[in-house]
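Chains A and B, in that order, are what the protein sequence lines are. Position 230 (the first sequence) corresponds to 267 in our numbering; numbering is contiguous. Position 144 (the second sequence) corresponds to 463 in our numbering; numbering is contiguous. Structure record follows, encoded as structure tokens.
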Amino acid sequence: MEPLLEVKNLSTHFFTDDGLIKAVDRISYDIYEGETVGLVGESGCGKSVSALSLLRLVPNPPGKIVDGEIFFEGRDLIKLTEDEMCQVRGNKMAMIFQEPMNTLNPVRTIGWQISEPMEIHRGMSREEGLKKSVQLLTDVKIPEPAARVNAYPHLFSGGMRQRAVIAMGLGCNPRLIIADEPTTALDVTTQAQLLELMKNLTRDYKTALLIITHNLGIVARYADRINVMYAGRIIEKGTAKDIFKNTRHPYTERLMASVPRLDYDTKKKLVPIEGQPPDFLNIPSGCSFHPRCVYAFDRCRVETPELITIFEKHEAACWRNVK
Amino acid sequence: MLNNSNQNLVEVRDLKMHFPITTGWMFKKTSGYVKAVDGISFQIARGEILGLVGESGCGKTTTGRVLLQLEQPTSGHIFFEGEDITGMKEKPLRALRKKMQMIFQDPYGSLNPRMTAGEIIGEPLQIHGMIDSKSEYKEKVKDLMVTVGLSPAMMERYPHEFSGGQRQRIGVARALSVRPALIVCDEPVSALDVSIQAQIINLLEDLQEKFNIAYLFIAHDLAVVKHISNRIAVMYMGEIVEIATRADLYRNPLHPYTRSLLSAIPVPDPEIEAQREHMILEGEVPSPFNPPSGCKFHPRCPIADSPHCREEKPVLVEMEGGNHWVACHLD
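Next comes the structure, spelled out in structure tokens:
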């Protein structure tokens, strides 16, 4: 089966006054139809920039996709003209951002905003669009959708706003939804509601979902496959089970040991990752994780490891796997 | 039990904090109250870590602020080392503040950008007159920096030169400087990166062991709270709905709200997650301007069905085995 999305050697760089920032550095991954894929990493690892690159929304200047291919439904998105790209955004590929307040236009009604992409891409009239919006608001479980469709965003709570944004994303029935930290700004109970909702809706609509998050628990619960990013690169990828049960990159391993877990009963000390997250202007030589890695040896300091297949689709970029 | 024994460092009794809602611009009228904290009672023993969890707006931060007397409560009493500190005058209160400190959520907003790290850490020492000479001051600040894992060479640097985790360490050193008996930690790690969170959590644990400090540890992440606390109180709309030891609360959560909070936190293990029962709460926290009647949780409660829940407010009742209190009509 052909993947729905295939990212090959994608590099997005930022040309700043302070120097070159390789925010996304030769990453490759794919997403199949109806699948949920997680992209995990700490803030500043390049995960959001990689998502913006998919939609070609990286602010230019200073950012630029300098290399790579993004095959989506068989076409390379990088080669499309801006007009053709507009046909993809919000239509075949939709994005849900972290900040629901900044995603919504404060001077337009919720209905107007949900209806807009359908009017553009599906040629609906305003009336049809609003009717469909009520249906979508029902799908995302907003109470009294018929009344709420005419409300403005400030009347919605944070959780409801994010529901409205999800409704907006679903409007054109996209093949892929990219959710960038969709629940980080929300309470844990709202977070659980929304993730459950997204899981059910993507299943019903047969949409693929790319969840970008720093929360390992979320990907463990929802993702089929996981890519772990560090300093602009994917350093481990595999099925959720591979990543959690047969971890092969020290960063992934340490990240897991550093989060407190609800299911650990005894008072067990956390094992933090020592040192600081990498500075993009000053990426360490060799493996960028080596200054924080407890296993680092000479080769790690000079040579950058590439992803190596461990078993079937499980890959990791660590010299410890090459012996 | 009016005269408190020494074993409880803090005792909070029926604490209420109601904020008036005013309407009108020139002639302000009070049209109602937001009951941010509505009759809560708890104790913190010396050297104990009490976790306080709940959704945003449930009153947990207000509880911390009132506890430190940064806010005058509407009613109720706070006893610190057996002494009623509610309504205490400025001067004795200031002396008392030496014994209770706070660590804030935002490592950026809580440090004065125009003071060096050394000045920030040493300021409480000066205010409380705990140093006699300049050399002693420097020595103490250096010691504190080493204690929290900062290099004393960074003493002359300004906050913007530090990373988020390091800034939080400065905040910890500042709170620690006066050797308090109690530190209120208000979401101390939620603004930090995952890998840095663990560093700060471990630091707070080490300091607690070393100096036998009690913490009121406020956070919305139950996994973090469970990791660090001895006992945990769960708040919902200004009230404590369940309070128990950490093991009890996790193994045997009795309040439906606690159960749904626990189930909302995903465990980083796909196999466990596949088997776990997910109890997803419906709806959102009701408006605090107009709280529901009876049990405030009843509109969202998955098991409430009796008119009892809608009409009568449940009170905290001690469960069998002791030390586990829950406010729910159902059993």
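Using N, Cα and C, we set each Cβ at its ideal position, and we do this for glycine too. As the structure is a prediction and not an experimental result, all values here were calculated from the model.
Using the beta-carbon count (16 or more within 10 Å), is F51(A) buried or exposed? buried
Per-residue contacts from L89(A) into chain B (C-beta, under 9 angstroms): None at all; the shortest Cβ gap to chain B is about 20 angstroms.
Give me, in chain order, the residues of the same chain whose beta-carbon lies closer than 6 angstroms to that of F134(A); leave out the 5 immediate sequence neighbours on both sides. T140 and D217
I want to verify the contact list: residues of chain A whose CB lies under 8 angstroms from the CB of K545(B), in sequence order. P297 and L299
For C620(B) versus P633(B), is the C-beta distance shorter than 8 angstroms? no
Using a Cβ-Cβ cutoff of less than 6 angstroms, which residues in the same chain neighbour V497(B) once the five nearest sequence positions on both sides are dropped? K417, P443 and H447
Give me, in chain order, the residues of the same chain whose beta-carbon lies closer than 7 angstroms to that of H396(B); leave out the 5 immediate sequence neighbours on both sides. R332, D403 and T405
Is T73(A) closer than 8 angstroms to I280(A) when the C-beta atoms are compared? no
Residues bridged to C504(B) (per DSSP): I422(B) and F536(B)
Count the other CB atoms, across all protein chains shown, that sit within 10 Å of the CB of R212(A); report buried if there are 16 or more and exposed otherwise. buried
What in chain A is Cβ-close to A583(B), meaning under 9 angstroms? D224, V225, T226, T227, Q228, A229 and Q230
Find the nearest neighbour of R270(A) within the set E39(A), K45(A), L41(A) and G196(A), judged by alpha-carbon distance. K45(A)
Taking the alpha carbon of V342(B) as the point to measure from, which residue in V356(B), G351(B), I515(B) and I622(B) has its own alpha carbon closest? Rather than Val, the amino acid found at residue 342(B) in this sequence is Thr. Selected option, being the one with the closest Cα: G351(B).
Is it true that the region 339 to 349 of chain A meets the region 351 to 369 of chain B, where meeting means three or more beta-carbon pairs spaced less than 8 angstroms apart? no
Could you spell out the range, first to last residue, of the beta strand (DSSP E) harbouring H396(B)? S394 to F399
Under 9 angstroms by beta carbon: chain B residues contacting F281(A): P587, D588, P589 and E590
Check whether the Cβ atoms of S80(A) and H251(A) lie closer than 8 angstroms to each other. yes
Per DSSP, what are the beta-bridge partners of E558(B) in this structure? Y555(B)
Counting contacts by CB-CB distance shorter than 8 angstroms, is S194(A) in contact with chain B? yes
Alpha-carbon spacing of E367(B) relative to E637(B), whole angstroms: 20 angstroms
Pull up the distance between the alpha-carbon of M320(B) and that of D261(A), whole angstroms please. In this predicted model, M320(B) has a pLDDT of only 37, less than 50, meaning its place in the structure is not dependable enough to derive any value.
When the cut-off is 8 angstroms and only beta carbons count, does I559(B) lie next to chain A? no
Burial state of M38(A), where buried means 16 or more other Cβ atoms lie within 10 Å: exposed
Delimiting residues of the beta strand (DSSP E) encompassing K9(A): Past the edges of chain A, shown from 38 to 360, lies residue 9(A), and the structure says nothing about it.
Proximal chain B residues relative to S80(A), where beta-carbon distance stays under 8 angstroms: D512
Comparing the C-beta of Q124(A) with each C-beta of chain B, is any distance below 8 angstroms? no
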